[in-house]
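Participant: Sharing a structure here in structure tokens format.
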Amino acid sequence: MRLRARLALSVIAAALPLAAATVWARHDLTRRRVAQVLREFAVTRMESGGRARCEADPAAFPPPPPPPARDPDTPPLPPPLPELGAVPPQPRRPVATDDIETAFWAYDASFSSANPAAPPVPVELVAAVQDGADVAVRRIEAAGRERPGGFEALVRMAWTTGPCAFVLVRRTGRGFEGGPLELLLPGLLVGAGVLIAVLLASGPVVRRIRRLEADVRRSAAAHYDASVSVEGGDEVADLARAFDEAAAEVRAHVAAVERREGALREFVADTTHDVMTPLTVLAGHLDALRPVIETADDEARKALRDALAEVDYTTSLVANLTTAAKLVAGSRALVRHRLDLCALVERVVARHRPLANARDVELNHATPRGSVDVAGDVTLLEQAVGNIVQNAVRYNRRGGHVAVVLRTDAGRFEIRVEDDGPGLALDDIEHLTERGFRGSAARTRSESGRGLGLDITAEVCERLGFDLDFQPMEQGGLAVVITGVVA
Amino acid sequence: MRDRILLVEDDEALGRQVVGHLEGAGFAVRWLQNGDDALREDPDDYAMAILDLMLPGAYGLDVLKRLRRHSELPVLILSARQDTHDKVRALELGADDFVTKPFWPDELIARVKTRLRRPALQRDGTIAVGELIVDVEGRAARVAGRLLDLTRVEFDLLLALARRPGSAIDRAWLVDNVLDPEREGTERTLDVHVSRLRRKLGEHKHLVQTVWGVGYRLNADVAPSARGDEPPGPGGSRS
């Protein structure tokens, strides 16, 4: 819920009971005031000769009032009552003052009147005075324009016997109808005024909060490097300062994580370095034994071949593990730079030619003249292409062929690695590339060691936005094709 | 005179091995184990430098910067860290190539030879590859002094191969760039032209080699060489 709506609701929630209590209090006060006024009216009338006239001729009491006064200065209370017995009994006419009319009737202790025009006493008023009240009052609802609303009160006289022990006073007229609803209207108006004032007053606060929100979003987009600019001494400024402090903590935490990650990467790189140099020396020593192989017995020859294969395997294993670590580290470890695919293909071919020579596999390659530049990570892409070439060479037959051809056409490049070996079945390739580079894929040999690192090749191509495709060759063998956009 | 190579590698065992391989391939080698020593060398004394990056004393990239300041000496980086930043930085600073450890001795020698390979002898608009001389301007070719009677496509084919002797040329590239574009030639058409060209070369037909999976290549091994190239490996003729 928005702040303004919440404020409005809060105001309404707080004001409603208050308004209700105020209305009730005013209503109650009005009743009391009306009761007092009507009682005073009745007592005054009865004590100033009314009682004597009533007891003398209860059936004619009270006498009808004179015609309504025209004089605007006429006092609001009814005019003096006519002389006792001067007028025969007839229907009572109300005592009128402007729009207000007052009428009264006398009753004995059993609440019956000798005057046939007197209305029956309302039961609720009877009950109230029987409970001991000196005066009981009730509202008379208006009935259209002809019969305006008002109040009637049953007043107990000081004397408790005779035909006028109780007097019913009825006062009606416009302006004398103030019920709870009429009282509610000004309350509602005041409430609406307060509500509008609150909404207007909340404007600056809402604007400050919105500015704070915009600042926080900007800061978050800038990895919490930008501080928020809301100033002042209010709660919004306190909130801004609290956010700044939290952002500083986030920055410190991220910096610490990055330092740790950097240290770990450095450690992996250094460890790789420490492993790679002696591995190169080992490869050199084994390579030096190759001339001896021709004169050695079968067992020694096999041992040397196996040792060479293990060095080759270990080399690609370490390289693939390093690549997998980079891929796991995510985009942070991925470097995008301009690299020449011609040089990359030359390096990959040069790397695998010794293995190809040892296995009597012909390794050919062709690149366009000049350079073919793409955007990518040279270490990752070289490893990706190397894995394809290595698989093509390693699982070929003696006297087999592998060709690596780089072509460009219409702003796209194609690196095509073809072989005429027994190759891998397409199902196997899908299986190898689908299992993902994480987990055991980079570490464990598949059955017969085939397909080492093809999953890493697939992942690298995806990260760099290149396409990888496997096509079985008509004459047997496999073509693996990487395509992408030239930089 | 043998090409002299400056090797800067701090690892004792590896350094000794690399010196052995390079000398075995016919190069003279000066081996330094410290970056600071390398800073004092005169690049003009060498045909090429091979630099390890993680060195005691001056860092490998600092040595590279110093070498590049006054010299065009080809520099090959030995990189043991699988770190792209190192390679990119080295290439930006002017390194010509890099070899990632661990490497096979043959791999290193191949990279060195590629870097030191002299371009096909081109003088006065002619290209000479062994017994073959291609007159680019005059659009004529001779083999062992005999003028070859070539069609336009045959000459262009021979010229395309002669421009990059020893390198395999992609069959698709030849179809696009050598065959008559108006005749919509195919790879089969190309093979027919190559076959005719070989017939015209007569006893020198081995100059044009078929390369499996790629296309054709002009055999550079028959070219007169002062570098003492090794004979082809057990896999036969390779690119």
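Sequence lines, in order, name chains A and B. Whatever position you read off the first sequence (first residue = 1), add 58 for our numbering. Whatever position you read off the second sequence (first residue = 1), add 60 for our numbering. Just so you know, even glycine gets a beta-carbon here, dropped at the ideal spot from N, CA and C.
1. In angstroms with no decimal places, state the Cα-to-Cα distance between residue 177 (chain A) and residue 208 (chain A).
2. For the beta strand (DSSP E) that residue 108 (chain B) lies in, which residues bound it at each end?
3. Name the chain D residues whose beta carbon is nearer than 7 Å to that of residue 162 (chain B)?
4. Does the beta-carbon distance from residue 140 (chain B) to residue 187 (chain B) come in below 7 Å?
5. Per the contact definition of three or more C-beta pairs closer than 8 Å, is the region 67 to 84 of chain B in contact with the region 472 to 480 of chain A?
6. Using 7 Å as the limit for Cβ to Cβ distance, is residue 412 (chain A) near chain B?
7. Give the residues of chain A in contact with residue 305 (chain B), contact being defined as C-beta atoms less than 9 Å apart.
8. Measure from the C-beta of residue 269 (chain B) to each C-beta in chain A and report whether the shortest distance is under 7 Å.
9. Counting only runs that start and end within the region 237 to 272 of chain B, where is the alpha helix (DSSP H) found for 4 or more residues in a row?
10. The region 96 to 109 of chain B: which residues have C-beta closer than 7 Å to a C-beta of chain A, in chain order?
11. For residue 451 (chain A), which residues does DSSP report across the bridge?
12. Starting from residue 277 (chain A), trace the beta strand (DSSP E) both ways and give me its first and last residue.
13. Leaving out five residues before and five after residue 409 (chain A) in sequence, what residues of the same chain have Cβ atoms less than 7 Å from its Cβ?
14. Please compile the residues from chain A whose C-beta is within a distance smaller than 7 Å of the C-beta of residue 86 (chain B).
15. Compile a chain-ordered list of the residues in the region 435 to 448 of chain A whose CB is closer than 9 Å to at least one CB of chain B.
16. Does residue 65 (chain B) pass the burial test, meaning 16 or more other C-beta atoms within 10 Å, or should it be called exposed?
17. For the putative contact between residue 150 (chain B) and residue 127 (chain B), defined by C-beta atoms under 8 Å, what is the C-beta separation to the nearest angstrom?
18. Would residue 164 (chain B) and residue 341 (chain A) qualify as a contact pair, given that the criterion is a beta-carbon distance under 7 Å?
19. For residue 355 (chain A), name the three-state secondary structure that DSSP assigns.
20. Tell me whether residue 119 (chain B) sits in a helix, a strand or coil according to DSSP, three-state version.
21. At 4 residues or longer, what runs of the alpha helix (DSSP H) sit wholly inside the region 68 to 104 of chain A?
22. Contact check, residue 227 (chain B) vs residue 277 (chain B) under 8 Å by CB: the rounded distance?
23. Determine whether the Cβ of residue 173 (chain B) lies closer than 7 Å to any Cβ atom of chain A.
24. Touch check for the region 440 to 455 of chain A and the region 194 to 211 of chain B: three-plus C-beta pairs under 8 Å?
25. Hey, how far is the Cα of residue 279 (chain A) from the Cα of residue 317 (chain A)?
26. Taking Cβ-Cβ distances shorter than 7 Å, what residues in chain A pair up with residue 260 (chain B)?
27. Going along chain A, which residues have a C-beta under 7 Å from residue 74 (chain B)?
28. Return yes when the Cβ of residue 544 (chain A) is within less than 7 Å of the Cβ of residue 425 (chain A), no when it is not.
29. Does residue 120 (chain B) get closer than 7 Å to chain A when you measure Cβ to Cβ?
30. Contact between the region 396 to 410 of chain A and the region 153 to 171 of chain B is defined here as three or more beta-carbon pairs at a separation below 8 Å; is this criterion met?
31. Can you tell me the Cα-Cα spacing of residue 322 (chain A) and residue 138 (chain B), whole angstroms?
32. Considering only the alpha carbon of each residue, which of A:165, A:89, A:159 lies closest to residue 116 (chain A)?
33. Identify, in the order they occur along the chain, each residue of the same chain with its Cβ nearer than 6 Å to the Cβ of residue 134 (chain B), setting aside the five sequence neighbours on each side.
34. Check the Cβ-Cβ distances between residue 265 (chain B) and every residue of chain A, and say whether any is below 7 Å.
35. Taking a contact to mean a Cβ-Cβ separation below 7 Å, would you say residue 378 (chain A) touches residue 511 (chain A) in this structure?
36. Counting pairs of Cβ atoms below 8 Å between the region 206 to 226 of chain A and the region 101 to 120 of chain A, do you hit three or more?
Facilitator: Looking at the atomic coordinates:
1. Stepping through the first sequence from its first residue, residue 177 (chain A) is reached at position 119. Stepping through the first sequence from its first residue, residue 208 (chain A) is reached at position 150. Rounded to the nearest angstrom, the two C-alpha atoms are 16 Å apart.
2. Numbered from 1 along the second sequence, position 48 holds the residue referred to as residue 108 (chain B). Per DSSP, the unbroken beta strand (DSSP E) holding residue 108 (chain B) starts and ends at 108 to 112.
3. Absent from the structure: chain D. Protein chains present are A and B.
4. Within the second sequence, numbered from 1, the residue matching residue 140 (chain B) stands at position 80. Within the second sequence, numbered from 1, the residue matching residue 187 (chain B) stands at position 127. Against a cut-off of 7 Å, the Cβ pair of residue 187 (chain B) and residue 140 (chain B) comes out as no contact.
5. no
6. As a first step, residue 412 (chain A) must be located in the first sequence, where it is residue number 354. Cβ-Cβ to chain B under 7 Å: yes for residue 412 (chain A).
7. Outside the displayed span of chain B (61 to 299) sits residue 305 (chain B), for which this structure offers no information.
8. Your numbering for residue 269 (chain B) matches position 209 in the second sequence. Cβ-Cβ to chain A under 7 Å: no for residue 269 (chain B).
9. 247 to 261
10. Per Cβ criterion, the list is empty.
11. The residue you call residue 451 (chain A) lines up with position 393 of the first sequence. For residue 451 (chain A), which the question treats as bridged, DSSP gives no partner whatsoever.
12. Here the question's residue 277 (chain A) lines up with position 219 in the first sequence. That residue, residue 277 (chain A), is in no beta strand (DSSP E); its alpha helix (DSSP H) goes 261 to 279.
13. Within the first sequence, the letter at position 351 stands for residue 409 (chain A). Excluding sequence positions up to five before and after residue 409 (chain A), its CB lies within less than 7 Å of the CB of 444, all in the same chain and listed in chain order.
14. For the purposes of this step, residue 86 (chain B) is taken as the residue at position 26 of the second sequence. The premise fails here: residue 86 (chain B) is roughly 17 Å from chain A at the closest Cβ pair, so nothing lies under 7 Å.
15. 435, 436, 437, 438, 440, 441
16. As a working mapping, residue 65 (chain B) is identified with position 5 in the second sequence. Buried, because 16 or more other Cβ atoms sit within 10 Å of the Cβ of residue 65 (chain B).
17. Here residue 150 (chain B) corresponds to residue number 90 of the second sequence, with the count starting at 1. Here residue 127 (chain B) corresponds to residue number 67 of the second sequence, with the count starting at 1. Incorrect: roughly 12 Å between the Cβ atoms, too far for contact.
18. Translated into positions along the second sequence, residue 164 (chain B) becomes position 104. Translated into positions along the first sequence, residue 341 (chain A) becomes position 283. In contact: residue 164 (chain B) and residue 341 (chain A) (Cβ atoms closer than 7 Å).
19. Residue numbering aside, residue 355 (chain A) sits at position 297 when the first sequence is read from its first letter. Correct three-state label for residue 355 (chain A): coil.
20. Here residue 119 (chain B) corresponds to residue number 59 of the second sequence, with the count starting at 1. If DSSP states are grouped into helix, strand and coil, residue 119 (chain B) belongs with coil.
21. none
22. Taking the first residue of the second sequence as 1, we reach residue 227 (chain B) at position 167. Taking the first residue of the second sequence as 1, we reach residue 277 (chain B) at position 217. With 8 Å as the limit, residue 227 (chain B) and residue 277 (chain B) qualify as a contact, their Cβ atoms being about 6 Å apart.
23. Counting from one through the second sequence, the residue named residue 173 (chain B) turns up at place 113. Under the Cβ distance rule, residue 173 (chain B) does not count among the residues neighbouring chain A, no pair being separated by less than 7 Å.
24. no
25. Translated into the one-based positions of the first sequence, residue 279 (chain A) becomes position 221. Translated into the one-based positions of the first sequence, residue 317 (chain A) becomes position 259. Going from the Cα of residue 279 (chain A) to the Cα of residue 317 (chain A) covers about 21 Å.
26. Residue 260 (chain B) sits at position 200 when you count from the first residue of the second sequence. Simply none; closest approach about 24 Å.
27. The residue given as residue 74 (chain B) occupies position 14 in the second sequence. Near residue 74 (chain B) (Cβ distances below 7 Å), the residues of chain A are 335, 338, 339.
28. Position 367 of the first sequence, counted from the start, is the residue given in the question as residue 425 (chain A). Position 486 of the first sequence, counted from the start, is the residue given in the question as residue 544 (chain A). Cβ distance not < 7 Å, so residue 425 (chain A) and residue 544 (chain A) don't count as in contact.
29. Position 60 of the second sequence, counted from the first residue, corresponds to residue 120 (chain B). It does not; no Cβ of chain A falls within 7 Å.
30. yes
31. Translated into positions along the first sequence, residue 322 (chain A) becomes position 264. Translated into positions along the second sequence, residue 138 (chain B) becomes position 78. Their Cα atoms are separated by approximately 23 Å.
32. Here residue 116 (chain A) refers to the residue found at position 58 when the first sequence is read from its first residue. The shortest C-alpha separation from residue 116 (chain A) is found at A:165.
33. Counting from one through the second sequence, the residue named residue 134 (chain B) turns up at place 74. So the list reads 108, 156, 175, once near-sequence residues are dropped.
34. Here residue 265 (chain B) refers to the residue found at position 205 when the second sequence is read from its first residue. Judged by the 7 Å Cβ criterion, residue 265 (chain B) is not in contact with chain A.
35. Numbered from its first residue, the first sequence carries residue 378 (chain A) at position 320. Numbered from its first residue, the first sequence carries residue 511 (chain A) at position 453. Their beta carbons are under 7 Å apart, which means residue 378 (chain A) touches residue 511 (chain A) by this criterion.
36. yes
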